[in-house]
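Here the structure comes first, spelled out in structure tokens, and everything after it is commentary.
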Amino acid sequence: DGGITQSPKYLFRKEGQNVTLSCEQNLNHDAMYWYRQDPGQGLRLIYYSQIVNDFQKGDIAEGYSVSREKKESFPLTVTSAQKNPTAFYLCASSSVRVANTGELFFGEGSRLTVL
Amino acid sequence: AQSVTQPDIHITVSEGASLELRCNYSYGATPYLFWYVQSPGQGLQLLLKYFSGDTLVQGIKGFEAEFKRSQSSFNLRKPSVHWSDAAEYFCAVLLNTNAGKSTFGDGTTLTVKP
């Protein structure tokens, strides 16, 4: 079945460490997104990419980095510069073809806890 | 900037009762509109979407939503709620599919009483 796979589901990190969250999709979608979810704040866009080897900052990019070397993969690195990294992270993808309606397909999320 | 408001943070309904979750957006043009549902610790799943045509759209799991341009609203409804509908519901808008960036409301948590 086609879908989006995020790993790990749970991750613990000590302060000062970088961690990388994996996101892989087999939907043949061009666009991929990373969102951060905190209680009561909905989803906030961190980074997005509409094509391989290109990505743009979202609303809360500080302290995060991404790469898009392959169409199927869009890993997110949470760096030590991110002041409050404990959150639930969601990866999504969408098609950007003609007549696309912008529906997002989500992975099951990764919960990062900083100890 | 476009924004999405879900006025109700938390709603409790009895099983079998009707449900309406409110969503208002702020933007000059009519965006693409979506409702997503999220079970605890899971990703989001699309319930339904509106981009043109009939203003009453049907979705999965018996949900429907009505787009009202005059009120800039896209409220989600279900005639009879089931216990399995307990979840968090998010309204989202997308101005331009080429840009691809959806804006989400803060969500409404639905509790279903037996």
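Heads up: the protein sequence lines correspond to chains A and B, in order. Take the first sequence: its position 85, counted from the start at 1, is 86 in the numbering used here, and no numbers get skipped. Take the second sequence: its position 78, counted from the start at 1, is 88 in the numbering used here, and no numbers get skipped. For each residue, glycine too, the CB sits at the ideal point set by N, CA and C.
Beta-ladder partner(s) of residue i, from DSSP
| i | result |
| --- | --- |
| Gln26/A | Ile5/A |
| Trp45/B | Leu58/B, Cys101/B |
| Cys92/A | Trp35/A |
| Ile19/B | Ile19/B pairs with nothing; no bridge assigned. |
| Arg87/B | Glu30/B, Glu74/B |
| Leu105/A | According to DSSP, which records beta bridges pairwise, Leu105/A is partnered with nothing at all. |
| Phe75/A | BP columns for Phe75/A are empty, so no partner. |
| Thr119/B | His20/B, Glu98/B |
Counted within 10 angstroms of its Cβ, other Cβ atoms place residue i as buried (16 or more) or exposed
| i | result |
| --- | --- |
| Phe13/A | exposed |
| Glu98/B | buried |
| Thr118/B | buried |
| His92/B | exposed |
| Gln7/A | buried |
| Ile52/A | exposed |
| His30/A | buried |
| Ile63/A | Going by the sequence as given, residue 63/A is Glu instead of Ile. Exposed is the call here. |
| Pro124/B | exposed |
| Pro86/A | buried |
| Pro41/B | buried |
| Glu70/A | exposed |
| Gln68/B | exposed |
| Ile70/B | exposed |
| Lys104/A | Here the sequence assigns Glu to residue 104/A, which means Lys is not the residue at that position. Glu104/A comes out buried. |
| Ile19/B | exposed |
For residue i, the three-state DSSP class (helix, strand or coil)
| i | result |
| --- | --- |
| Gln52/B | coil |
| Ser81/A | coil |
| Arg37/A | strand |
| Asp95/B | helix |
| Gln51/A | strand |
| Lys58/A | strand |
| Lys71/B | helix |
| Arg79/B | helix |
| Asn34/B | strand |
| Val97/A | coil |
| Thr113/B | strand |
Residues of its chain near residue i, where Cβ-Cβ distance is below 8 Å and the 5 sequence neighbours each way are ignored
| i | result |
| --- | --- |
| Lys10/A | Glu109, Gly110, Ser111, Arg112 |
| Ala96/B | Leu120, Thr121, Val122 |
Beta-carbon proximity list for residue i, same chain, < 7 Å, skipping 5 on both sides
| i | result |
| --- | --- |
| Gly81/A | Strictly speaking, residue 81/A in this sequence is Ser, with Gly absent from that position. Excluding positions up to five away in sequence, the list reads Gly17, Gln18, Asn19. |
| Phe89/A | Gln38, Gly110, Arg112 |
Contacting residues, own chain, Cβ-Cβ under 6 Å from residue i (five flanking each side not counted)
| i | result |
| --- | --- |
| Asn34/B | Thr15, Ser82, Ser83 |
| Ser49/B | Ala97 |
**Report entry** Near-chain A residues of the region 40-62 of chain B - C-beta to any C-beta below 8 Å
**Finding:** Those would be Tyr42, Phe44, Tyr46, Gly51, Gln52, Gly53, Leu54, Gln55, Leu56, Lys59, Phe61, in chain order.
**Report entry** chain B contacts from the region 15-31 of chain A (Cβ-Cβ distance under 8 Å)
**Finding:** Taking 8 Å as the upper bound on Cβ-Cβ separation, chain B lies near no residue of the region 15-31 of chain A.
**Report entry** Under 7 Å (Cβ pairs) to chain A, residues found in the region 67-100 of chain B
**Finding:** Listed by position, the residues of the region 67-100 of chain B near chain A (Cβ gap below 7 Å) are Phe100.
Query raised in the report: What residues in the region 69-93 of chain A bring their beta carbon closer than 9 Å to a beta carbon of chain B?
Result: Using a CB distance below 9 Å, the part of the region 69-93 of chain A facing chain B consists of Phe89, Leu91, Cys92, Ala93, ordered along the chain.
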